[in-house]
Structures are given as structure tokens and as C-alpha cells.
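Each remark here refers to the structure printed beneath this line.
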Amino acid sequence: MNIQKLIRPNIRSLKAYEAKEIPCRVKLDANESPYGFPEGLRALKSIKTNRYPDPEAKALKRLISRDFGVKSQNILQGNGSDELIYYLITTFGGPVLYPVPTFSMYGIIAQAIGEKKIGIPLNKEFDLDLKRILEAIKRQKPKVIFLSSPNNPTGNCFSSEKLLKIIESTLSLSIVVVDEAYQPFSSRKGFLPLLKDYKNLVIMRTLSKIGLAGLRVGFLIADKEIIHEVNKVRLPFNVNSLSQTVATELLKKRKTMQSYINVIISEREKLFNELEKIDGINPYPSEANFILFKVKNADKLYKGLLKKSVLVRNMRGVVNGCLRVTVGTNEENRIFLRALKEIITDEKT
Ligand code: PMP
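Numbering-wise, the working numbering puts 174 at position 173 of the sequence shown, and it's gapless, one number per residue.
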């Protein structure tokens, strides 16, 4: 029997998101936080394993609503923001427009759902190519536009003026999702204050980058009509009791969370300065918790680092000749830098 014949063509040609577990001592490949919150697990004692989770995640939303100054009716919870990307494309359909390179799941999910993808290359500065995007909007009328700012994997924020022009030019035409997964690490203002002015704007956030990746909690903030519609496609119990309980408990500890974020930002600056000093390495400035850097022989360096048990992300096929390193603890960053320098020195001799 040929199973392939039964698979929808868009799925047959789809390449799954690569998320391999590669054993290593220093794990700097997935933009996670090096700081976890084991104390949050104490709250699990109150969980009733025989009961379904709160389908509306009320307690969790209450805290998000307090932190972001929005009402619960403007929030939609997801099993990570990945799931919310699915829900948004399911609700609004395609074409789906996004810049390239960016977070790969926008394209993977659009294709999985069978919607057309429009990828517009970023310019040389990794900023949005406004002219081409506006042309594509006019000609191809995308229903959803994903803009990750700060952008993964380039690390920069897009120009706010350009982003605003896109939002303004698509009023009543498209939904513009500003994916602020890395906003906690950015020195630039986020787009939340603009929500009241633009009904087609959706802000997407996640707890994954600030120490809770294992819980899978993301959320949308948007106009209540958008939330109401997207909520129709949400699976009833998409965020499980364990995640709801622990995330709620930890969001009460905003100060501790913020202090870890501050450490990561200062470690990022140190790491950037050190990378800049190394001959043959060109790091790109970052507003996120990772740094993209150009090297002479990316594949060789990637393998060399892995041999020394340091795992980074090889961006081959996405930004050729580049590696992406997540900012770790001071010690992890030092191990990474030492390994990098050793490999480069060995190459020269
Ligand atoms: N958006 C961006 C820009 C990301 O880089 C990631 C994770 N790599 C996500 C969303 C997905 O995050 P989550 O863990 O909330 O699904």
C-alpha cells in the first residue's frame, strides 16, 4: 500500500520543523532562558488530575490582563504561540505574508493548512522591504501578515514607521500579527499601545523565552471581536492544568522574572562585544536573547562546537554562512566563547 498517495500534496511536500534533541553540555540553540523556576512546581499540589483544566484559563488571563493593562476579553491563550499561529491562519485563511528570513512556523503552518505563502526578502539591513511588501499586499491581498519584531533569527526590531505603514495600509484588508516573542529583551517600544487605534493589529506573546518554555503558554492580545472569532477554532482545553497553574504562580513573581531578563540583556551585550573582537566573526546587533553571527565556514564551526559539547543553531538554508547562539548564563557564554576561539586558532595553525 502506498500511503504517500493518500497524503494531501501540501503535506507531502512539507518539511517538518526541525527540533532535534542533541545531547550537549551547553545548550544554546533554541532561544530558551537559562533560568528555570522550579519553585513554581510547588503549586502543582493543588491540581485535580481527574478534572479538565479551566477551558478559559481565567486565573492566568487575569494576571496577563494586569501585567499588560488589557481586559481578559482581549486575551486568547495558546499552547505556546505556535498553536496560536495555527488558529490565526485557520480563522482568517491565506494568503499568508511574512518577511524572509523569519520564524519558520508561519510558513510551515500556512502550508499545512493549505494556504498560499508569500515570503518577502528583508533588505540588507534585515529590515522590512516596505515597497515590495506594499506591492504584494496590493496584488495578492494577504489575509494574515506575520511580523516578528524582534525578528528571529536576525535579532533586530523592524522599523516602527514601516510596520505602522503596513498596519495602516491593510486596515479592513488583513490582520497584522506583531509577534513579540522577544520583546522582553528589547530596548524598543512594543506595539501594545497601538491596539486601541488599529483594529487589524494582533500582538502575539509567549512565556517560552522568559523561563517557561516547557509549559507551552502563549497568548494573543487583540480587539475583542478578533479574540471572539479566533476562540471558535481553539481546542477546548488547549492549555493544560499543570501549565495554567505553574504559569499563574510564576507570573505573580514578575520582579524575579524581570531580574533574569535583565541579566540576559547584560550578558547579551558582553557576548556581542566578545564576538566582535574575534577575527573572522561578524555578529549582528540583537534586541533578543540570541545573537546571529556570520563566520567563514559555518558548517565546520558548528560541528567543531558540537564536538566540544556546545550546541548552537546552524542557519544553513536560512541565512547562509551564519550561526545563531542563544544567550546563556555567564558561564555558558564563556564556555561557548572559549570553544569558538579554540576552533578558530586551531584552524589557523
Ligand atoms: N515566535 C517566534 C518569533 C519564535 O522564535 C518562537 C519560538 N522559537 C515562537 C514564536 C514560538 O514560541 P512558543 O514556544 O510560544 O510556541
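In this text, a Cβ means the ideal position worked out from N, Cα and C, and glycines have one as well.
Fair warning: this is a prediction, and the values are worked out from it, not measured in the lab.
Check, Outcome
"If you draw a straight line from the alpha carbon of serine 1 to that of serine 105, how long is it in whole angstroms?", "Because the chain spans 2 through 350 in this model, residue 1 falls outside it and cannot be assessed."
"To the nearest angstrom, report how far apart tyrosine 261 and threonine 350 are at their CA atoms.", "40 Å"
"Between asparagine 32 and ligand 3, is the CB less than 7 Å from at least one heavy atom?", "Among the ligands modelled here, namely ligand 1, ligand 3 does not occur."
"Could you work out which residue in Ser188, Gln184, Val178 is closest to leucine 196 when comparing CA atoms only?", "Val178"
"Would you call glutamine 259 buried or exposed, if buried means 16 or more other Cβ atoms sit within 10 Å of its Cβ?", "exposed"
"Assuming the contact rule is C-beta atoms closer than 8 Å, serine 188 and glutamate 288 should be a hit. Round their C-beta distance to whole Å, please.", "6 Å"
"Would you kindly report the start and end of the unbroken beta strand (DSSP E) that includes lysine 21?", "That residue, lysine 21, is in no beta strand (DSSP E); it is neither H nor E in DSSP."
"According to DSSP, is aspartate 347 part of a helix, a strand, or is it coil?", "helix"
"Starting from glutamine 78, follow its DSSP beta bridges and name the residues at the other end.", "Phe220"
"With aspartate 180 as the anchor, note down where its beta strand (DSSP E) starts and where it stops.", "176 to 180"
"Spatial neighbours of arginine 206 within its chain, please: CB distance less than 6 Å, with the 5 preceding and 5 following residues excluded, ordered by chain position.", "Glu181, Phe220"
"Short of 7 Å in beta carbon distance, which residues of its chain neighbour leucine 338, apart from the five on each side in sequence? Order them along the chain.", "Glu275"
"What residue does the beta strand (DSSP E) around isoleucine 292 start on, and which one ends it?", "291 to 295"
"Quick one: Cα of proline 24 to Cα of isoleucine 266, how far?", "26 Å"
"Can the beta-carbon of phenylalanine 159 be found closer than 8 Å to that of leucine 129?", "yes"
"Asparagine 11 by DSSP, collapsed to three states: which one?", "helix"
"Looking at the strands, I want to know which residues DSSP matches up with lysine 118.", "Val97"
"Secondary structure at phenylalanine 159, three-state DSSP: helix, strand or coil?", "coil"
"Take threonine 330 and list the residues in its own chain whose beta-carbon comes closer than 7 Å to its own, dropping the five residues that flank it on each side.", "Pro35"
"In three-state DSSP terms, what is valine 71?", "coil"
"Are any of the Cβ atoms in chain B nearer than 8 Å to that of serine 310?", "In summary, chain B is missing from the structure at hand, where a single protein chain is found."
"Which residue's Cα is closest to the Cα of threonine 257: Ile121, Glu40, Asn124?", "Glu40"
"Name the one or two DSSP bridge partners that asparagine 283 has.", "Lys295"
"With the cut-off set at 8 Å, would you say tyrosine 199 and leucine 164 are in Cβ contact?", "no"
"If you pair each beta-carbon of the segment 76 to 84 with each one of the segment 226 to 243, do three or more pairs fall below 8 Å?", "yes"
"State the start and end residues of the unbroken alpha helix (DSSP H) segment that holds isoleucine 48.", "Looking at the DSSP string, isoleucine 48 is not in any alpha helix (DSSP H), and its letter there is neither H nor E."
"I need the straight-line Cα distance from arginine 269 to isoleucine 65, nearest angstrom please.", "27 Å"
"Could you please give the first and the last residue of the uninterrupted alpha helix (DSSP H) stretch that includes valine 320?", "Unbroken run through valine 320: none, as it is neither H nor E."
"Please write down, chain order preserved, every residue whose beta carbon lies under 5 Å from a heavy atom of ligand 1.", "Gly81, Ser82, Asp83, Phe104, Ser149, Asn153, Asp180, Ala182, Thr207, Ser209, Gly219"
"Going by the CB atoms, is the gap between threonine 103 and serine 149 shorter than 8 Å?", "yes"
"I'd like the span of the beta strand (DSSP E) that includes methionine 2, first residue to last.", "Counting along the chain, methionine 2 falls outside any beta strand (DSSP E), and DSSP gives it neither H nor E."
"Restricting to Cα atoms, I'd like to know which of Arg317, Gly281, Val313 is closest to isoleucine 345.", "Gly281"
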